[in-house]
Structure formats: C-alpha cells, structure tokens
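Down below is the structure, laid out as structure tokens.
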Amino acid sequence: MSIEKTSPIGFFDSGVGGLSVLAKFRAILENENILYFGDLKNLPYGNKSKTELVGFAQNILDFFESKNVKAVVIACNTSSALAYESIKNKYNFKIYPIIQSCAKKISNMGFSTIGVFATQGTIFTHAYKNEINKYDKNINVIEIACPNWVEIVEGIESNIDEHFDLKTKCSEMLKYNPQKIILGCTHYPYLIDKLTEFVPREMFINPSEIFVDFIKEDLEKSNLLNPTIQKGIEEFFVSARQEDFVKNAQIFYQIKQNPQIINLA
Ligand code: DGL
1 MSIEKTSPIG FFDSGVGGLS VLAKFRAILE NENILYFGDL KNLPYGNKSK TELVGFAQNI
61 LDFFESKNVK AVVIACNTSS ALAYESIKNK YNFKIYPIIQ SCAKKISNMG FSTIGVFATQ
121 GTIFTHAYKN EINKYDKNIN VIEIACPNWV EIVEGIESNI DEHFDLKTKC SEMLKYNPQK
181 IILGCTHYPY LIDKLTEFVP REMFINPSEI FVDFIKEDLE KSNLLNPTIQ KGIEEFFVSA
241 RQEDFVKNAQ IFYQIKQNPQ IINLA
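With my numbering applied, the sequence shown covers 1 to 265.
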C-alpha cells in the first residue's frame with residue numbers, strides 16, 4: 001500500500017496522556033485522519049526498561065504500519081527518550097518524537113535555567129538535557145523525576161499523599177530558580193491547577209504546543225498535509241482497560257466512540 005496524503009496519522013502513549021497532544025493537534029489540524037493507541041496494558045511506561053519500551057513501540061508502530069499511516073506521533077516523552085533512537089529508521093513513514101521535536105525551539109526561547117518534571121525513565125536518560133544542550137550547551141537543565149504523577153492522572157490507587165508529593169517536587173525545583181519548568185510527560189497538564197498552588201502558572205511550558213506546530217510545519221514541508229476539508233475520522237485503540245480509558249480520556253479530549261481492544265503481543 002502506498003502512503004497517501006489522506007492516510008491517517010497514528011498517535012500513541014501509555015494511556016490518556018497523549019490525548020493532551022491530540023487536543024492541541026486538533027486545534028490546528030481538524031481534517032487529518034487520526035488513529036490513537038493507548039497502551040494501558042503496559043502503563044506506566046515511566047518505570048519500564050529500554051528493552052521493554054522498544055518492544056512496546058515496535059509493536060505499536062507495526063500495528064500502525066498495517067493501517068497504512070503516513071506518520072506516527074510519539075505523544076509520550078518516556079518512549080521518545082528510550083525507544084525512538086532504536087526504531088527511528090525501521091519504518092517508511094514519518095516518526096515524530098515529542099522531546100527531540102521540541103528541543104530546538106525550547107533552547108531558542110532565551111532561558112538560561114530550565115526545569116523539567118518527567119517520569120523516572122525520561123529523567124534517567126537525561127533526554128531533555130541532552131537534546132536542549134545539543135542546540136545550546138550553556139542552558140542549565142534541572143531534571144526532577146515524579147514517579148507517582150501518571151498514576152494520579154490515570155486514577156490508579158496508591159497510598160501517595162498527592163498534595164504533599166506535588167508540593168515537595170515543586171519546592172525542590174524552585175531551589176534552583178528555573179525561569180521555566182517543562183511538563184515533560186504528556187499526562188502532567190492535567191495537574192496544572194494543582195501545581196499552580198506552588199508555582200506560578202506562567203512558569204510552566206507544555207511542550208505539546210510547540211510539538212504540534214513542529215508536526216504541522218514538517219508535514220507541510222514534506223507535502224503530506226491532507227488536502228480534504230472535511231473533519232478527519234478518528235479511531236481509538238487500547239491494549240487493556242477500555243472503560244478506564246473512556247473515563248479518563250475526558251480529562252483531555254472528547255472521544256466520540258469507544259476504543260477497540262487490540263492485543264499486540
Ligand atoms: N505520558 C507519558 C510520557 O509522556 C508516559 C507516562 C508513563 O506511562 O509513565 O512520558
């Protein structure tokens with residue numbers, strides 16, 4: 001099958017976090033056809049090994065390939081940090097990883113100290129630091145892992161004191177006097193109201209906004225934008241916990257049909 005301009009774009013994440021990217025994407029490109037995969041069977045990604053994450057990404061991209069996508073959006077920082085390098089040359093469609101796609105723009109914003117809140121996996125690889133310092137090695141990037149935040153957003157039971165956990169991470173970050181703090185996990189925008197109890201709202205950068213502009217520009221340059229004017233079709237897939245996905249999806253995005261369960265491995 002040949003890739004067409006009307007072919008769909010695949011988005012994936014461990015759960016509903018990637019819908020925060022899809023929502024921004026929809027605001028600028030209404031007509032693209034979308035497939036969204038939430039890998040709830042393997043959620044959270046933040047504590048998984050590189051080998052596991054490469055395996056998950058490959059399975060998802062193979063699935064998208066079978067659907068003849070023209071591009072895949074890695075709407076997950078952890079997968080971008082740990083899996084992207086290993087899979088980037090294996091497919092004949094475009095692959096957009098969130099961290100690598102946003103780093104240049106972030107490095108050009110004129111800030112000398114930037115904080116990052118992200119999952120353990122993302123912080124462990126120093127993906128934000130390495131990518132930002134590729135463009136400007138003088139930017140001081142402060143990285144803090146927030147291992148429990150995805151579970152909070154996905155409503156997974158734990159004995160974490162949410163208020164205390166958010167407050168502790170914010171105080172730790174503020175000690176370094178960052179000018180901006182990147183929400184380096186696509187689940188975190190959900191926590192913004194709670195985070196602003198401790199840090200002014202304007203200090204946060206949601207990289208999804210930069211990311212979707214980058215994708216649009218690149219599709220345009222590659223002559224891959226869908227020329228049709230009708231609203232795009234959307235299909236949702238999950239690897240487990242269909243009902244939880246439907247319940248949590250509304251945090252970020254109005255999904256109009258139930259997701260199909262797909263067993264990839
Ligand atoms: N939303 C993801 C990210 O941006 C994955 C988080 C997780 O499952 O731990 O990193």
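Every residue, glycine too, gets a C-beta built ideally from N, C-alpha and C.
Checklist line | Residues near Lys231 in its chain [Cβ-Cβ closer than 6 Å; skip 5 each side] | finding: Glu30
Margin query: Residues in the same chain with beta-carbon distance under 6 Å from Ala71, minus the five sequence neighbours each way, listed in chain order, please.
Written below: Excluding five sequence positions before and after Ala71, the CB atoms of its chain that fall closer than 6 Å to its own CB belong to Ile9, Phe93 and Lys94, given in chain order.
Check: What span of residues does the beta strand (DSSP E) with Asn133 cover, start to end?
Finding: Taken as a continuous stretch (DSSP letters only), Asn133 belongs to no beta strand (DSSP E), being part of the alpha helix (DSSP H) at Ala127 to Tyr135.
Note to self: Is any non-hydrogen atom of the ligand DGL found closer than 8 Å to the C-beta of Gly110, if you look at the structure I gave you?
What the structure shows: No, the beta carbon of Gly110 sits no closer than 8 Å to any heavy atom of the ligand DGL.
Next item on the list: Would you check whether the ligand DGL has a heavy atom nearer than 8 Å to the C-beta of Pro189?
Entry: no
Next item on the list: Please classify Val141: does DSSP put it in a helix, a strand, or coil?
Entry: strand
Notebook entry, point to check: Hey, out of Lys137, Met109 and Glu143, whose CA is closest to Cys124's CA?
Noted result: The sequence given here has Phe at residue 124, not Cys. Taking only the C-alpha atoms, the option nearest Phe124 is Glu143.
Check: Given a threshold of 16 other Cβ atoms within 10 Å of its Cβ, counted over all protein chains shown, does Ile128 qualify as buried or as exposed?
Finding: It should be pointed out that residue 128 corresponds to Tyr in this sequence rather than to Ile. Under this definition Tyr128 is a buried residue.
Notebook entry, point to check: What did DSSP end up calling Leu61 once you bin it into helix, strand or coil?
Noted result: In the structure shown, Leu61 sits in a helix (DSSP, three-state: H, G or I).
Notebook entry, point to check: Where His58 and Ser80 are concerned, what is the direct C-alpha to C-alpha distance, given to the nearest angstrom?
Noted result: The displayed chain sequence assigns Gln, not His, to residue 58. Roughly 12 Å between the two C-alpha positions.
Check: How close, in whole Å, do the beta carbons of Phe198 and Leu166 come, if the pair is a contact with beta carbons under 8 Å?
Finding: 7 Å
Check: Checking contacts by CB at 9 Å: is Val153 closer than that to chain D?
Finding: Given the protein chain composition of this structure (a single chain), no chain D is represented.
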